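A quick write-up on the structure given underneath.
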Amino acid sequence: MATNAIDQTRRMLSLVTYLRERPGAHVQDVARAFGITEDELISDLDVLPMCGTSFRGGDLLDIDTDGDRIWWHNPDDVAEPLRLAADEATALLVAARAVATLPGLRESDRLALVRATAKLETAAGESGAASSRLSVTFEAEGGVFADVDRAISERRRLWLRYYSPARDELTEREVDPIRLFAVGHTYMEGWCRLSEARRTFRLDRVAEIRLLDAPAAPPELELRDLSAGLVQPAAEDPEVVIEVGTGGRWVAEYYPHDSAEELPGGGLRITLRTPDPASLRRLALRLGGDGRIVTPPELADSAREAAREALAAYEDAV
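Under the working numbering, residue 1728 is the last one in the sequence shown; the count climbs by one each step, no gaps.
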């Protein structure tokens, strides 16, 4: 069964207490106790070391595993009473109030958050009072996240208007959501009824979303391992070669690639694979004078034509 983000957060909070009381616990025993797979447990353990009691770094959970047992090396350090600075208390209160207004948040979670916020405001004193004069409005992605999380929890189908950058168009589709996850951006994995296949949707590309009364019934699917990243090109995918200048070196950091050879002047010759080479035309336009597609030649020609059309449209507008 898919786990939504709020349920995962609850589990990880319980996991901290569990591990504190059981030093050297076996991975297999902990996974069994929480009703999850060992891979899911390891995924949680990869996140916990980035959590702690300080917003400024340090005082993080020093938790690691050798694949068999789990060790928490500094439970006493992070168990000290938390003392928030004025700016930390203000930031936390403003964020908590903003999250409490998200559409789609389960009422029990909202009430729990409101109670916790009230306690924090009392403890913060003057800082808490000052925070009431500040407010945060979430962009569309926040509301989309809440709707997707609710749909997963209630096992309901979603209707989307979704922007596809590869085709540069908006499409309408119904999706049975499976899970939320973050790899750089926040994504929803679901079964798309339009294509009758598993698809991944980036939340900031959802133009409109609506919960449907129809129950979500995705087929039984094995969840993909995302430890190597969202995009994992296959060996049989077409090869693309891109040459970039110093201003385009970031491409090697954001795109999985087979090789990145240094060029005179500080540039790179990047070789990568993609199942949809045409999607890289937008990358070529973004690079402008900082890069060009070398091969395949038909893609290079297509990118140049797209650049000429864009320039002509700009000149006509001026």
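Yeah, the Cβ is synthetic: ideal placement off N, Cα and C, and Gly gets one too. Since the structure is predicted, the reported quantities are computational estimates derived from the model, not experimental observations.
Contact between V1554 and L1622 fails: their C-beta atoms lie close to 15 Å from each other, not under 8 Å. By the criterion of a C-beta distance shorter than 7 Å, T1447 is surrounded in its chain by A1441, once the five residues flanking it on both sides are discounted. A contact between stretches requires three or more CB pairs, one per stretch, nearer than 8 Å, and the stretch 1645–1658 meets this requirement with the stretch 1691–1708. Selection L1709, G1676 and E1450 evaluated against R1692 yields L1709 as nearest (Cα-Cα). Separation of the CB atoms of L1678 and R1659 is rounded to 6 Å, and the pair is thereby assigned contact status at 8 Å. For D1474, the enclosing beta strand (DSSP E) covers residues I1473 to T1475. The shortest CA-to-CA distance from H1667 to any of G1675, G1655 and I1680 is the one to I1680.
In the DSSP assignment, R1609 falls within the unbroken beta strand (DSSP E) covering A1607 to R1612.
In the three-state DSSP reduction, Y1572 falls in the strand class (E or B). Going by C-alpha positions, A1506 is about 49 Å away from E1715.
In the three-state DSSP reduction, E1531 falls in the helix class (H, G or I).
Non-local beta-carbon contacts of S1574 in its own chain, meaning distances under 7 Å to residues more than five positions away in sequence, involve T1581 in chain order.
Under the three-state reduction of DSSP, I1619 is assigned to strand. Shown here, Y1664 sits in a helix according to DSSP, grouped into three states. Residue burial is scored here from C-beta neighbours: D1439 has fewer than 16 other C-beta atoms within 10 angstroms and is therefore classed as exposed.
Residue burial is scored here from C-beta neighbours: Y1572 has at least 16 other C-beta atoms within 10 angstroms and is therefore classed as buried.
Going by C-alpha positions, P1628 is about 35 Å away from I1473. Note that the C-beta distance between R1432 and P1485 is not below 8 Å. Its chain contains T1681 as the residues whose beta carbon lies nearer than 6 Å to that of S1669, once the 5 sequence neighbours on both sides are disregarded; these appear in chain order. One Cα belongs to A1561, the other to E1632, and the distance between them is close to 20 Å.
R1565 is a Cβ neighbour of A1626, given a cutoff of 8 Å. Nearest C-alpha to P1587 among T1610, T1596, S1605 and S1689: T1610. Bounds of the beta strand (DSSP E) holding R1702 are G1701 to T1705. Y1597 counts as buried, since at least 16 other C-beta atoms from the protein chains shown sit within 10 angstroms of its C-beta.
Pairing D1711 with I1619 gives a Cβ-Cβ distance that is not under 8 Å. Apart from the 5 residues on each side of it in sequence, G1675 sits with its Cβ closer than 8 Å to the Cβ of G1655 and T1656 in its chain, given in chain order. In this structure, V1585 sits near G1600, with a CB-CB distance shorter than 8 Å. In the DSSP assignment, I1452 falls within the unbroken alpha helix (DSSP H) covering E1448 to V1457. If you draw a straight line from the Cα of L1458 to the Cα of F1444, it comes to about 16 Å. Annotated three-state conformation of G1600 is strand, per DSSP.
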